[in-house]
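There are 4 protein chains.
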Amino acid sequence: MNSHRIKTTVWGEFRHEKTDASVAAIYPDGMHETIARFLRPHADLEVGTATLDEPEHGLTADVLENTDVLLWWGHRAHKEVSDAIVDKVHRRVLEGMGLIVLHSGHYAKIFKALMGTTCSLKWRESTDKERLWNVMPSHPIAEGIGDYFELPREEMYGEPFGIPTPDELIFISWFTGGEVFRSGATWYRGHGRVFYFRPGHETFPSYHDANVQRVITNAVRWARQTVRIKDAAPQSAPLEAMPPETGPSLHRTPVSPRV
Amino acid sequence: MNSHRIKTTVWGEFRHEKTDASVAAIYPDGMHETIARFLRPHADLEVGTATLDEPEHGLTADVLENTDVLLWWGHRAHKEVSDAIVDKVHRRVLEGMGLIVLHSGHYAKIFKALMGTTCSLKWRESTDKERLWNVMPSHPIAEGIGDYFELPREEMYGEPFGIPTPDELIFISWFTGGEVFRSGATWYRGHGRVFYFRPGHETFPSYHDANVQRVITNAVRWARQTVRIKDAAPQSAPLEAMPPETGPSLHRTPVSPRV
Amino acid sequence: MNSHRIKTTVWGEFRHEKTDASVAAIYPDGMHETIARFLRPHADLEVGTATLDEPEHGLTADVLENTDVLLWWGHRAHKEVSDAIVDKVHRRVLEGMGLIVLHSGHYAKIFKALMGTTCSLKWRESTDKERLWNVMPSHPIAEGIGDYFELPREEMYGEPFGIPTPDELIFISWFTGGEVFRSGATWYRGHGRVFYFRPGHETFPSYHDANVQRVITNAVRWARQTVRIKDAAPQSAPLEAMPPETGPSLHRTPVSPRV
Amino acid sequence: MNSHRIKTTVWGEFRHEKTDASVAAIYPDGMHETIARFLRPHADLEVGTATLDEPEHGLTADVLENTDVLLWWGHRAHKEVSDAIVDKVHRRVLEGMGLIVLHSGHYAKIFKALMGTTCSLKWRESTDKERLWNVMPSHPIAEGIGDYFELPREEMYGEPFGIPTPDELIFISWFTGGEVFRSGATWYRGHGRVFYFRPGHETFPSYHDANVQRVITNAVRWARQTVRIKDAAPQSAPLEAMPPETGPSLHRTPVSPRV
Chain A
40 MNSHRIKTTV
50 WGEFRHEKTD
60 ASVAAIYPDG
70 MHETIARFLR
80 PHADLEVGTA
90 TLDEPEHGLT
100 ADVLENTDVL
110 LWWGHRAHKE
120 VSDAIVDKVH
130 RRVLEGMGLI
140 VLHSGHYAKI
150 FKALMGTTCS
160 LKWRESTDKE
170 RLWNVMPSHP
180 IAEGIGDYFE
190 LPREEMYGEP
200 FGIPTPDELI
210 FISWFTGGEV
220 FRSGATWYRG
230 HGRVFYFRPG
240 HETFPSYHDA
250 NVQRVITNAV
260 RWARQTVRIK
270 DAAPQSAPLE
280 AMPPETGPSL
290 HRTPVSPRV
Chain S
40 MNSHRIKTTV
50 WGEFRHEKTD
60 ASVAAIYPDG
70 MHETIARFLR
80 PHADLEVGTA
90 TLDEPEHGLT
100 ADVLENTDVL
110 LWWGHRAHKE
120 VSDAIVDKVH
130 RRVLEGMGLI
140 VLHSGHYAKI
150 FKALMGTTCS
160 LKWRESTDKE
170 RLWNVMPSHP
180 IAEGIGDYFE
190 LPREEMYGEP
200 FGIPTPDELI
210 FISWFTGGEV
220 FRSGATWYRG
230 HGRVFYFRPG
240 HETFPSYHDA
250 NVQRVITNAV
260 RWARQTVRIK
270 DAAPQSAPLE
280 AMPPETGPSL
290 HRTPVSPRV
Chain E
40 MNSHRIKTTV
50 WGEFRHEKTD
60 ASVAAIYPDG
70 MHETIARFLR
80 PHADLEVGTA
90 TLDEPEHGLT
100 ADVLENTDVL
110 LWWGHRAHKE
120 VSDAIVDKVH
130 RRVLEGMGLI
140 VLHSGHYAKI
150 FKALMGTTCS
160 LKWRESTDKE
170 RLWNVMPSHP
180 IAEGIGDYFE
190 LPREEMYGEP
200 FGIPTPDELI
210 FISWFTGGEV
220 FRSGATWYRG
230 HGRVFYFRPG
240 HETFPSYHDA
250 NVQRVITNAV
260 RWARQTVRIK
270 DAAPQSAPLE
280 AMPPETGPSL
290 HRTPVSPRV
Chain Y
40 MNSHRIKTTV
50 WGEFRHEKTD
60 ASVAAIYPDG
70 MHETIARFLR
80 PHADLEVGTA
90 TLDEPEHGLT
100 ADVLENTDVL
110 LWWGHRAHKE
120 VSDAIVDKVH
130 RRVLEGMGLI
140 VLHSGHYAKI
150 FKALMGTTCS
160 LKWRESTDKE
170 RLWNVMPSHP
180 IAEGIGDYFE
190 LPREEMYGEP
200 FGIPTPDELI
210 FISWFTGGEV
220 FRSGATWYRG
230 HGRVFYFRPG
240 HETFPSYHDA
250 NVQRVITNAV
260 RWARQTVRIK
270 DAAPQSAPLE
280 AMPPETGPSL
290 HRTPVSPRV
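Protein chains in written order, with my numbering: chain A, 40 to 298; chain S, 40 to 298; chain E, 40 to 298; chain Y, 40 to 298.
In structure tokens, the structure reads:
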């Protein structure tokens, strides 16, 4: 194993594909596997998968320890994801792991925990065309993407989107039915980078689209862990000489450990 | 009651003051009461208090419903704050209530939930002088504050501070011992405004300081609720005529309610 | 004159209205006068106008000194605006005056000087419908505006828009022809607040629209000057005792005034 | 020449070094040459220099065309830099060239043009110690830098610093005399990346410091041009079918070229 490759784990809920024939027709091995498959040919990536119904949702301590970038697709079963696992993933992101949240993952516990907001939006399961406008073409995630690209059919997600102001706004979507959406956005949280990318409703073949694949591949590289810093709240001695206490004498409470 | 006054609730942990004589000497009726007392004379404010050991921590549904701005000071007992109450306060902020988090409140559950990060920092219970530099003098929270103001003794909080990039950075502190800190910062979360303000260690009289009082008073006005919008994720009909479906026939799953 | 009223100056190029009958039909006294007329009834505003062909473009030292918020509509004659006047307006914004830039004012010298970027965009003089989505409903500029509002016909402006990342993004437009645009955005520059608002092509009656009028009125209040701080780069004595120089002796050049 | 190397041009005013013996003692071949010298050993960089007194200040069309990242140190002679050259550099940054502005370059015409603000600050030519705190350790520019690093003597620059809110704030400085400063900050402008880095007064050996060298080297890599996009404001045909004009007939002015 080349330790310089970006260790990438694609997490999928993997339920629709097992219960809905129309989804299985598009993603016979699961959406996570479709995503993993277009990432694997890239020599700088080392790609694994994990799914909800595996033990610990496939996100064991060892897997998380060996993940530089985690991708997340979930939808109907957000509530079945264990809070303990979400806490571990959250901590890993704050320590430096990248996280790419896809489509209905906007309501995943991990995304809501990182954003601190509702993450709600308007939606419509219809046959809107989606046109994603590239508003930050110099961003590494937009590399190779022109002024816009289109998905001939997608679920509509519309503003207002209940997120904190993105640190970087890369794509804004236009929908046939009359809505707009901030569909590609980043946030720095702790030492980790977070990217939300809108497309990917299970009944449409969006993860087979070349532009969607390019954006996700770019995002994996952008979000790769570059530092690993564990949480600490150190009591720190002065770096500079402190003046003698000259004011009224103070009763000082003994130092208590900080939670 | 004038409905146009800003309904302000000052929440205090109110424990140090009951167990530590040196704290009681500075804040005999509690820090929350000291803060409420300098806010009350302002005719546009209507000020109440709430504390940890009251039922529901003093934050009943009725109190929260009737609060435009909540101030929060906690320290040793963050863990004793009920998760259910934190969830309610969180939801109220996202709906539009302002929140002002003071000093050691950086580790309060409600602040961490809104930030999504560790909120950790360096610290030292010492006798540093703190000088707060005003880096955004046109901000309403800095109204009436000059280039800087000083607190002759304060606990040191130092960078790195584990927060998301502030939407607005208003004050940066200099400490005698050699550290700096982003000590006045805002974030927009949902429809609410959040302000974190660093000073206020319980063993120092910072809430008796005229500049600290001015900043907090300004912040209450800045953070006042201006809209109240409840969370919703509506399924939305198209606003524009949609083209007929011309592609391959799609099996459409019935609309499922979104969590 | 009540010194607490917001002194507002509406600047208009006022050329199209004199040479193009279809524009004159919509704005017989000029667009600036239409705008001034809907602002004047507000008791907290004191409203004047200025136009390109007046001496000093109507922006004399006295007018600028007595303006809290300046609105700017220009189009064909950007190049005729004197650089000296632009410099004065620029300095006033940095000192605290608010600036509201309307529609084709995106290419005004003053806007480009404040942004530092191209301010370019896609465009089409057509009959697109424009729907402005409200993505920051708690912002004072969005007060009273619902999820969206529509203009039945407007010139299209499309992304990419060559601006720095807005400090606050309030409106995103959807156009019939398939484009999106960041059509309401703010930037803090020096001690002044800047708001760009997209609608207002001269051949359409957008400044007669109630929602457009509401947004502009809100923006005047939001952008009002609250401080006035002149540029300075002071040589400053230490606030703290400095250690004696203990290193190798340094040749020190005499203090030269900083440009 | 390897086209994948980052073409880096170090621009120096190169005046102090020729007239002030104490500066020449520290930077005998000029500050620009000292900087170029620590960059050159990096195999991924291709490093040239340019100075004020060369024809076109060394920044000919050919040099600018072949520069991915430009570094800028100027001080006393900002006014001698030709406006025409500044315009060319400005345009190149907006097209994608990176720009690293050093120390007194905060008052360079090119930095002021990109920021749109005064860029003023407090200052003191003294022997303050500067301690630069790393507040964004996961940023590529902070790679290899710990919690802080120190410069035993530097000129003091203090807040308020007249800049737009940085897109990313990486370093905050502490000075012995009691001031703080945002001393490492980035802005995205057009398709180019801009980094301002505070240290580097000509009478101190800061560019011989290992940490300063590391930050600048990191910054060159971060700021490298990744796209090259020329300014355009295209008139665009609709992407979607437009409804027939059904409203009152409009006199339409012929399309005029946009300035």
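Just so it is clear, CB atoms sit at the ideal spot from N, CA and C, and this is done for glycine as well. Here the structure is a predicted model, which means the values were calculated and not measured.
Is it true that the CB of Arg131 of chain A sits closer than 7 Å to the CB of Leu103 of chain A?
-> Here residue 103 of chain A refers to the residue found at position 64 when the first sequence is read from its first residue. Here residue 131 of chain A refers to the residue found at position 92 when the first sequence is read from its first residue. Yes, these two residues count as a Cβ contact at 7 Å.
Within the 7 Å Cβ cut-off, does Glu182 of chain S reach chain Y?
-> In the second sequence, the residue the question calls residue 182 of chain S occupies position 143. Residue-level contact by beta carbon fails for Glu182 of chain S and chain Y, as no gap is shorter than 7 Å.
Taking only beta-carbon atoms, is Pro199 of chain S less than 7 Å away from chain Y?
-> To locate residue 199 of chain S, count along the second sequence from 1; it is residue 160. Cβ-Cβ to chain Y under 7 Å: yes for Pro199 of chain S.
Give the DSSP bridge partners of Asp270 of chain S, in chain order.
-> Taking the first residue of the second sequence as position 1, residue 270 of chain S is located at position 231. Partner(s): none; Asp270 of chain S has no beta bridge.
Neighbour list for Val132 of chain A in chain Y, Cβ cutoff strictly below 8 Å | Locating residue 132 of chain A in the first sequence gives position 93, where the first residue counts as 1. Those within 8 Å of Val132 of chain A in chain Y number zero; the least Cβ separation is about 11 Å.
Is the beta carbon of Arg163 of chain Y sitting closer than 7 Å to the one on Ser121 of chain E?
-> Against the fourth sequence, residue 163 of chain Y aligns to sequence position 124. Against the third sequence, residue 121 of chain E aligns to sequence position 82. No.
Kindly list the residues whose CB is nearer than 8 Å to the CB of Arg115 of chain E, restricted to its own chain and excluding five residues on each side of it in sequence; keep chain order.
-> In the third sequence, counting from the first residue as 1, residue 115 of chain E sits at position 76. Excluding positions up to five away in sequence, the list reads Glu52, Arg54 and His55.
Does Leu153 of chain E have its Cβ less than 7 Å from a Cβ in chain Y?
-> Translated into positions along the third sequence, residue 153 of chain E becomes position 114. Closer than 7 Å: yes.
Kindly indicate which three-state DSSP category Met195 of chain S falls into: helix, strand or coil?
-> Taking the first residue of the second sequence as position 1, residue 195 of chain S is located at position 156. In the three-state DSSP reduction, Met195 of chain S falls in the strand class (E or B).
Among Y:Leu190, Y:Val128, Y:Glu72 and Y:Pro205, the one whose alpha carbon lies nearest that of Asn105 of chain Y | The count along the fourth sequence starts at 1 and reaches residue 105 of chain Y at position 66. It is Y:Val128 whose Cα lies nearest to the Cα of Asn105 of chain Y.
Chain S contact for Arg170 of chain Y (CB, 7 Å cutoff) | Taking the fourth sequence and counting its residues from 1, the one referred to as residue 170 of chain Y is at position 131. Cβ-Cβ to chain S under 7 Å: yes for Arg170 of chain Y.
Gly185 of chain Y burial status per 10 Å Cβ neighbour count (16 or more: buried) | Reading the fourth sequence from its first residue, position 146 is the one you call residue 185 of chain Y. Label assigned to Gly185 of chain Y: exposed.
Just by C-beta distance, which residues in the segment 70-81 of chain S are closer than 8 Å to chain A?
-> Taking 8 Å as the Cβ-Cβ cut-off, the segment 70-81 of chain S has no residue approaching chain A.
Sort S:Trp50, S:Ser61 and S:Thr48 by Cα distance to Glu241 of chain S and report the nearest one.
-> Position 202 of the second sequence, counting from 1, holds the residue named residue 241 of chain S. Of the candidates S:Trp50, S:Ser61 and S:Thr48, the one whose C-alpha sits nearest the C-alpha of Glu241 of chain S is S:Ser61.
Answer with yes or no whether the minimum CB distance from Val266 of chain E to chain S is below 7 Å.
-> For the purposes of this step, residue 266 of chain E is taken as the residue at position 227 of the third sequence. Under the Cβ distance rule, Val266 of chain E counts among the residues neighbouring chain S, one pair being separated by less than 7 Å.
Please classify Pro80 of chain Y: is it buried, with 16 or more other beta-carbons within 10 angstroms of its beta-carbon, or exposed?
-> To locate residue 80 of chain Y, count along the fourth sequence from 1; it is residue 41. Result: exposed.
Which residues in the same chain have their Cβ closer than 7 Å to the Cβ of Arg263 of chain E, if we skip the five residues on either side of it in sequence?
-> Taking the third sequence and counting its residues from 1, one reaches residue 263 of chain E at position 224. Same-chain partners within the cutoff: Ile45, Asp107, Val108 and Gly137.
Roughly how many angstroms separate the alpha carbons of Pro203 of chain Y and His178 of chain Y, rounded to a whole number?
-> The residue you call residue 203 of chain Y lines up with position 164 of the fourth sequence. The residue you call residue 178 of chain Y lines up with position 139 of the fourth sequence. Using only the alpha carbons, I get a separation of about 20 Å.
Along chain S, in chain order, which residues have C-beta atoms closer than 9 Å to that of Trp213 of chain Y?
-> The sequence position of residue 213 of chain Y within the fourth sequence is 174, counting from 1. At a beta-carbon threshold of 9 Å, the residues of chain S lying near Trp213 of chain Y are Trp213, Phe214, Gly217, Glu218 and Val219, ordered along the chain.
Under a three-way DSSP split, which group does Arg131 of chain Y fall into?
-> As a position in the fourth sequence, residue 131 of chain Y is number 92, starting the count at 1. The answer is helix: DSSP assigns Arg131 of chain Y an H, G or I state.
Whose CA, out of E:Val86, E:Pro283 and E:Phe77, lies closest to the CA of Pro191 of chain Y?
-> Against the fourth sequence, residue 191 of chain Y aligns to sequence position 152. Comparing Cα-Cα distances from Pro191 of chain Y to each of E:Val86, E:Pro283 and E:Phe77, the minimum goes to E:Pro283.
With 7 Å set as the bound, which would you pick, yes or no: does the beta-carbon of His230 of chain S sit closer than that to a beta-carbon of chain E?
-> Taking the second sequence and counting its residues from 1, the one referred to as residue 230 of chain S is at position 191. The beta-carbon of His230 of chain S is placed less than 7 Å from the nearest beta-carbon of chain E.
What first and last residue would you give for the beta strand (DSSP E) that runs through Thr156 of chain S?
-> As a working mapping, residue 156 of chain S is identified with position 117 in the second sequence. Per DSSP, Thr156 of chain S lies in no beta strand (DSSP E) and is assigned neither H nor E.
Taking 6 Å as the cut-off, is the CB of Leu133 of chain E close to at least one heavy atom of the ligand GTP?
-> Here there are no bound small molecules, and the ligand GTP is not part of this structure.
Residues bridged to Tyr187 of chain Y (per DSSP) | Within the fourth sequence, numbered from 1, the residue matching residue 187 of chain Y stands at position 148. In the DSSP assignment, Tyr187 of chain Y forms a beta bridge with Y:Trp172.
Below 8 Å on the Cβ atoms is my guess for Gly223 of chain Y versus Ile180 of chain Y; work out the distance and round it to an integer in Å.
-> Counted from its first residue, the fourth sequence places residue 223 of chain Y at position 184. Counted from its first residue, the fourth sequence places residue 180 of chain Y at position 141. Indeed, because the Cβ distance is near 7 Å, the residues count as touching under 8 Å.
Taking the C-alpha atoms as reference points, what is the distance between Gly201 of chain S and Gly135 of chain A?
-> Here residue 201 of chain S corresponds to residue number 162 of the second sequence, with the count starting at 1. Here residue 135 of chain A corresponds to residue number 96 of the first sequence, with the count starting at 1. Those two C-alpha atoms are separated by around 13 Å.
Once you ignore the five residues that flank Gly113 of chain S on each side, which residues in its own chain have a CB closer than 6 Å to its CB?
-> If you number the second sequence from 1, residue 113 of chain S lands on position 74. Here the set comprises Glu52, Gly144 and Ala147.
Touching by the beta-carbon criterion (3+ pairs, under 8 Å), the segment 227-246 of chain Y and the segment 62-78 of chain Y = As far as the Cβ criterion goes, the segment 227-246 of chain Y touches the segment 62-78 of chain Y, which means the pair count is three or higher.
Grab the span of the alpha helix (DSSP H) containing Phe77 of chain S for me, first residue to last.
-> Numbered from 1 along the second sequence, position 38 holds the residue referred to as residue 77 of chain S. First-last of the alpha helix (DSSP H) with Phe77 of chain S: Met70 to Leu78.
Could you name the residues of the segment 142-166 of chain E whose beta carbon sits closer than 8 Å to any beta carbon of chain Y, in the order they occur along the chain?
-> So the close ones are Tyr146, Ala152, Leu153, Met154, Gly155, Thr156, Thr157, Ser159, Leu160, Lys161, Trp162, Arg163, Glu164, Ser165 and Thr166.
Sorted by chain position, which residues of the same chain lie with C-beta nearer than 8 Å to His290 of chain S's C-beta, five sequence neighbours on each side aside?
-> Here the question's residue 290 of chain S lines up with position 251 in the second sequence. Residue placement at His290 of chain S is poorly supported in this model, since its pLDDT is 41, which falls under 50; the coordinates still yield a value, given next. No residues qualify anywhere along the chain.
Cutoff 7 Å; reference Pro296 of chain A; Cβ partners in own chain excluding five residues on either side = Taking the first residue of the first sequence as 1, we reach residue 296 of chain A at position 257. Confidence at Pro296 of chain A is low in this model, with a pLDDT of 39, below 50, so the placement of that residue is unreliable and no value is reported for it.
At what residue ranges does the segment 46-116 of chain E contain a whole run of the beta strand (DSSP E), taking only runs of 3 or more?
-> With a minimum length of 3 residues, the continuous beta strand (DSSP E) runs that stay inside the segment 46-116 of chain E are 84-90 and 108-112.
Could you pull out every residue in the same chain whose Cβ sits closer than 6 Å to the Cβ of Glu85 of chain S, ignoring the five residues on either side in sequence?
-> Here residue 85 of chain S is taken as the residue at index 46 of the second sequence, counted from 1. Taken in chain order, the residues that qualify are Arg44 and Lys46.
Sheet register partners of Gly223 of chain S (DSSP bridge) = The sequence position of residue 223 of chain S within the second sequence is 184, counting from 1. S:Phe210 and S:Phe236.
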